[in-house]
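J.: Here it is, the structure in full.
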Amino acid sequence: MVLMFGALLRAPMTRLITPLSRGLLSMGITANMVTTTGAIGTIASSIYFFGTGKLFSGTIVITAFVLTDLLDGTMARLSESGASKWGALLDSSLDRICDAAVMGALLYWIMDRHPNLVPVLLVALISSGLVSYIKARAESLDITCNGGLAERTERLIILLVGTGLSGLGVSWALSLGIWTLAIAAVVTVLQRLQIVYKATR
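The sequence shown: position 63 = 635 (the numbering used here), numbered continuously.
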């Protein structure tokens, strides 16, 4: 259900933020500015909130910054110059840094409090990075490698739902969220490897 929700959320959110994107462009604000601002906000709020165990407030703030990923993409499509290669590289690179910051800050907090979850979150962190790496490496070989069980949006939803509910006092939510994220990320790695394997046969 969560995995389907990520895909369903994207289209209505894009329609909602299109007027805002046009307004920001008319003010001279570029997609790259929004990308960088969103990344700095995500990294800083992850360290401050998740790193100190403020899971519910952290979930709210981090979600707000993460949503700028939809905003900058829409702005890039609407701008006169369109989406540039530099903008695409910047966006992709900062996404990886943000994902690492979110999970890394959470990892720091759970080390003493939930040590049994540390290996699982490490698997999720490494596998999430591999999902993106496999796609980038495949595209360098002229192989399209999209899809899979959990792309970035779905993975963030899984993790942030878990942290948010945990922050509200649902004791099992964090463990379930981290385990679900790890399994979904590993499955997605295997699916993308299969996509590339079939394309090279």
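Backbone N, C-alpha and C fix where the C-beta goes; we use that ideal spot for every residue, glycine too.
CA-CA distance, Ile-634 and Met-675?
T.: Mapped onto the sequence shown, residue 634 falls at position 62. Mapped onto the sequence shown, residue 675 falls at position 103. Rounded to the nearest angstrom, the two C-alpha atoms are 12 Å apart.
J.: Is Glu-711 buried or exposed, if buried means 16 or more other CB atoms sit within 10 Å of its CB?
T.: On the sequence shown, position 139 is the one that residue 711 refers to. Burial call: exposed.
J.: Which residues bound the alpha helix (DSSP H) around Pro-687?
T.: Walking along the sequence shown from the start, residue 687 turns up at place 115. Counting along the chain, Pro-687 falls outside any alpha helix (DSSP H), and DSSP gives it neither H nor E.
J.: What first and last residue would you give for the alpha helix (DSSP H) that runs through Ile-615?
T.: The residue labelled residue 615 in the question sits at position 43 within the sequence shown. Residues 603-621.
J.: At what residues does the alpha helix (DSSP H) containing Ser-743 begin and finish?
T.: Against the sequence shown, residue 743 aligns to sequence position 171. Premise fails: Ser-743 is in no alpha helix (DSSP H) and is neither H nor E.
J.: Just checking my contact of Leu-678 with Phe-622 at CB under 8 Å: how many whole Å lie between their CB atoms?
T.: Here residue 678 refers to the residue found at position 106 of the sequence shown. Here residue 622 refers to the residue found at position 50 of the sequence shown. Indeed, because the Cβ distance is near 5 Å, the residues count as touching under 8 Å.
J.: Using the three-state DSSP reduction, which class does Met-573 fall into: helix, strand or coil?
T.: The residue labelled residue 573 in the question sits at position 1 within the sequence shown. Reliability fails at Met-573, whose pLDDT of 46 lies under 50, so the model's placement of it is uncertain and the value that follows must be treated cautiously. Three-state DSSP puts Met-573 in coil, outside helix and strand.
J.: If you draw a straight line from the alpha carbon of Ala-757 to that of Ala-771, how long is it in whole angstroms?
T.: Here residue 757 refers to the residue found at position 185 of the sequence shown. Here residue 771 refers to the residue found at position 199 of the sequence shown. Straight-line Cα distance between these residues: approximately 21 Å.
J.: Rounded to a whole number of angstroms, what is the C-alpha to C-alpha distance between Leu-748 and Gly-734?
T.: Indexing the sequence shown from 1 puts residue 748 at position 176. Indexing the sequence shown from 1 puts residue 734 at position 162. About 7 Å.
J.: Here's the rule: buried if 16 or more other CB atoms are within 10 angstroms of the residue's CB, otherwise exposed. What is Gly-720?
T.: By 1-based counting over the sequence shown, the position of residue 720 is 148. Buried is the call here.
J.: Quick one: what's got a C-beta closer than 6 Å to Ile-715's C-beta in the same chain, skipping five residues either side?
T.: Residue numbering aside, residue 715 sits at position 143 when the sequence shown is read from its first letter. Only Val-768 and Ala-771 meet the Cβ criterion.
J.: Check the C-beta distance from Ala-603 over to Cys-670 and give it rounded, since I have them as a contact under 8 Å.
T.: In the sequence shown, the residue the question calls residue 603 occupies position 31. In the sequence shown, the residue the question calls residue 670 occupies position 98. Rounded, the Cβ-Cβ distance is 16 Å, inconsistent with contact.
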